[in-house]
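Participant: Here's a structure for you.
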Amino acid sequence: YTYLWDTNANSQTDSTATGLSAGTYYVTVSDWASCFAIDSVGIIDAGSGPNSTSSANNASCSESTDGNATAIASGGAGAPYSYLWDTNAGSQTASVATGLSTGTYLVTITDQGSCTTIDSVTVSNAGLGPIVSAGSDTTIALGASAQLNGSGGPTYAWTPSATLNCSDCDNPVATPDSTTTYFLTVTDSNNCTSSDSVIVTVETFVDELFVPTLFSPNADQMNDIFYVRGNGIDWIEIVIYDRWGKKIYGGDKSQVWAEDNNYPTDKGWDGSYQGKPLNPAVFVYIIKGAFDSGAEIEEKGNITLVR
């Protein structure tokens, strides 16, 4: 038999005509004796593709991956329908895509006639998570401590924990040996987490000692006390002698170095002996002590008293 299709594209001579749009097509079938018959075939437009009804189950937190997206197909050329989701969890082929975080996801739906529809589903989150703060950055001297001030609980986790007195409380005490960034992760009752960080800067001082050569204890509130200054000093002991070798002042190791690295002025020498002001003269000082580094301090020299 021979076939001759009258199509809107061209004449086709196979038993099956292809590449046809909706419409009515006529075919002439002939046999060896040149007898023929004419038949017609109607092709119906199934429509523009299936319809989609979509919905989402939101993720519990902004960083969670427990959201779902659903697309239900109908219409078009009818079932069966196939689904192809493009998600951050990989391609999924069920009508429900799972394991999703916050975002918009596309699904391609194909009906039995191979017509397709593309739909989008947006997954939001139930909450943004706790509002966390690790407190303000701070600076301490080497060997000192700083209290950290976390908020946003109820559950706290600080790292690194080696230099903290607790890692699961809101306000731990940090005693780092060097500048350290502490990270705080807070978990709320919905198991949502948020993080923040705080920097504790540790200042290390160069061993340094400065001894004045003159002071004037005349009650003018300027240079009235003889004391030393420096950096990184642990403790200081000052002894003052007159020119005949008589001890005039000092010898008390309890004269503790001040936190600001200035010798406490109320424990320096005010130029008196046994409560009486001394006349202008040159005196001898001997200073002993230690730096925070462990290095010893031992200085000897002259101090001039003027009035």
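Residue numbers (the numbering used here): 48 to 354.
Here a beta-carbon is modelled for each residue, glycine too, at the ideal position from N, C-alpha and C.
Bear in mind that the values here come from a model prediction, so they are computed numbers and not experimental data.
For Gly-123 and Val-88, I'd like the C-alpha separation in whole angstroms.
Facilitator: Whole-angstrom Cα-Cα distance: 21 Å.
Participant: In whole angstroms, what is the alpha-carbon distance linking Gly-348 and Ser-244?
Facilitator: 50 Å
Participant: Would you grab the beta carbon distance between Gly-322 and Phe-273 for me? Rounded to a whole angstrom, and I think it's under 8 Å.
Facilitator: 17 Å between Cβ atoms; not a contact.
Participant: Leaving out five residues on either side along the sequence, give the residues of the same chain with a beta carbon under 8 Å from the beta carbon of Val-179.
Facilitator: Gly-197, Ser-198, Gly-199, Leu-231, Thr-232, Val-233, Ser-241, Ser-242, Asp-243
Participant: Of the residues Val-353, Thr-228, Ile-334, which one's Cα is nearest the Cα of Glu-345?
Facilitator: Ile-334
Participant: Quick check on Ile-350: buried or exposed, where buried means 16 or more other Cβ atoms within 10 Å of its Cβ?
Facilitator: buried
Participant: For Pro-259, tell me which candidate among Phe-252, Ile-246, Asn-55, Ile-285 has the shortest Cα-Cα distance.
Facilitator: Ile-285
Participant: Skipping 5 residues on each side, what residues in its chain have a beta carbon closer than 6 Å to that of Ser-62?
Facilitator: Shown here for Ser-62: same chain residues with a beta carbon closer than 6 Å to its own, the five before and five after excluded, namely Tyr-50 in chain order.
Participant: What are the uninterrupted segments assigned as beta strand (DSSP E) that are 3 or more residues long and contained completely in the region 199-256, given in chain order?
Facilitator: The region 199-256 contains these whole beta strand (DSSP E) runs: 202-206, 227-234, 240-250.
Participant: Three or more beta-carbon pairs under 8 Å between the region 120-140 and the region 158-178, yes or no?
Facilitator: yes
Participant: What are the partner residues of Pro-324, as DSSP defines its beta bridges?
Facilitator: Ser-319
Participant: Could you spell out where the beta strand (DSSP E) holding Gly-297 opens and where it closes?
Facilitator: 294-297
Participant: Report yes if the CB atom of Thr-75 is closer than 8 Å to the CB atom of Ile-85, and no otherwise.
Facilitator: yes
Participant: At which residues does the beta strand (DSSP E) containing Trp-132 begin and terminate?
Facilitator: That run of the beta strand (DSSP E) goes 129-134.
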